[in-house]
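Residue numbering for the sequence shown follows my numbering, beginning at 38 and increasing consecutively. Glycine residues also receive a C-beta, built at the ideal position from the N, C-alpha and C atoms. Step one of this worksheet: look at the structure below.
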Amino acid sequence: MLPLARIVWNVFDNVFLLQMGRAYQARFRDFHLAAEEEGLRAIDEWRRAQQEEWDSVVDYTTMSAAISAIAPHAPDFAFAVWLGAAGLSVCGVFIVQYLPINAFSITDEDMGILVKDGNHYIDTALLATSVASPVIMALWSSILFIVGVVDYIIEAPLGGLQYKIFALIPIGFGVITAAATLLIGAIVGKRVEARWKLTTSCLVQELIGNTDVVAD
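Okay, here's the thing in structure tokens:
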């Protein structure tokens, strides 16, 4: 990947994909290695685990819809943001329903090739974005939902300022924790990726050295 393209991808992944693109690319690398070592059994287990992860997105959509339904009349901004979050969640559910059906005809052998860097089917960054999109939509939906909750607390009559503060304190703690988690995830992800590249480079050099020895 060219330096400019890498910079654009890093910004897009950290800001819009919430680091899920890099995370799924790393998952693809691990899955490809496991598929080469363990064969079709590892591929089948990975596909089942991925489906379970997608199913959890549907559960989140149901939960957020139920919370929105039981809330009293919300201010206009909060209601608009909640509608946007609900619509985004439904789009994620659509993808969750579409991808397994579309991937049904893909064999386990082809699936192992699809997740390999440099395959002739599709760029792994695009594939990672597509596979991670339901999770990304659920994360952004959560962010929008929290924004709506904060606006609801600020604008709705809750019996006094002290009750608004009581409601905002745990939300503030959660937001700070989520931001710290994103930062830690970015740092760990870059270090793991750097170590993986170093290990791969060492293995390639070792293979080249062994080939030269055999040739001599």
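Coarse secondary structure for residue 224, derived from DSSP in three states: Working through the sequence shown from its first residue, we reach residue 224 at position 187. Of the three classes helix, strand and coil, the one that applies to residue 224 here is helix, per DSSP.
Quick one: grab the DSSP three-state call for residue 322. The structure shown does not extend to residue 322, since the chain spans only 38 to 253, so no value can be given for it.
What three-state label does DSSP hand residue 56 in the structure shown? Position 19 of the sequence shown holds residue 56. Looking at residue 56 - three-state DSSP - the assignment turns out to be coil, as it is neither helix nor strand.
Can you grab the Cα-Cα spacing for the pair residue 115 / residue 70, in whole Å? Locating residue 115 in the sequence shown gives position 78, counting from the first residue. Locating residue 70 in the sequence shown gives position 33, counting from the first residue. Taking the straight line joining both Cα atoms gives about 46 Å.
Reduced DSSP category for residue 129 - H, G, I as helix; E, B as strand; rest coil: Residue numbering aside, residue 129 sits at position 92 when the sequence shown is read from its first letter. Three-state result, residue 129: helix.
Closest residue to residue 209 among 223, 221, 188 and 227 (Cα-Cα distance): Taking the first residue of the sequence shown as 1, we reach residue 209 at position 172. Answer by Cα proximity: 188.
Helix, strand or coil: which one does DSSP assign to residue 251? For the purposes of this step, residue 251 is taken as the residue at position 214 of the sequence shown. Any reading at residue 251 must be qualified, since the residue scores a pLDDT of 49, below 50, and its modelled position is unreliable; the value itself is stated next. Helix at residue 251.
Run through the region 134-159 for me and flag every whole alpha helix (DSSP H) of 4 or more residues, listed as ranges in chain order. 145-151
Taking only three categories from DSSP, how would you classify residue 124? The count along the sequence shown starts at 1 and reaches residue 124 at position 87. Here residue 124 sits in helix by DSSP.
Residues in the same chain with beta-carbon distance under 6 Å from residue 184, minus the five sequence neighbours each way, listed in chain order, please. Position 147 of the sequence shown, counted from the first residue, corresponds to residue 184. 118, listed in sequence order.
Which of the three DSSP states is assigned to residue 40 in this structure? The sequence position of residue 40 within the sequence shown is 3, counting from 1. In this structure, residue 40 counts as helix in the three-state DSSP scheme.
Less than 8 Å between the beta carbons of residue 63 and residue 230, yes or no? Within the sequence shown, the letter at position 26 stands for residue 63. Within the sequence shown, the letter at position 193 stands for residue 230. Going by C-beta atoms, residue 63 is nearer than 8 Å to residue 230.
If you pair each beta-carbon of the region 164-178 with each one of the region 85-95, do three or more pairs fall below 8 Å? yes
By how many angstroms is the C-alpha of residue 213 removed from the C-alpha of residue 168? Working through the sequence shown from its first residue, we reach residue 168 at position 131. Working through the sequence shown from its first residue, we reach residue 213 at position 176. If you take the alpha carbons of residue 168 and residue 213, they lie about 28 Å apart.
Mapping DSSP to helix, strand and coil, what is residue 69? Reading the sequence shown from its first residue, position 32 is the one you call residue 69. If DSSP states are grouped into helix, strand and coil, residue 69 belongs with the helices.
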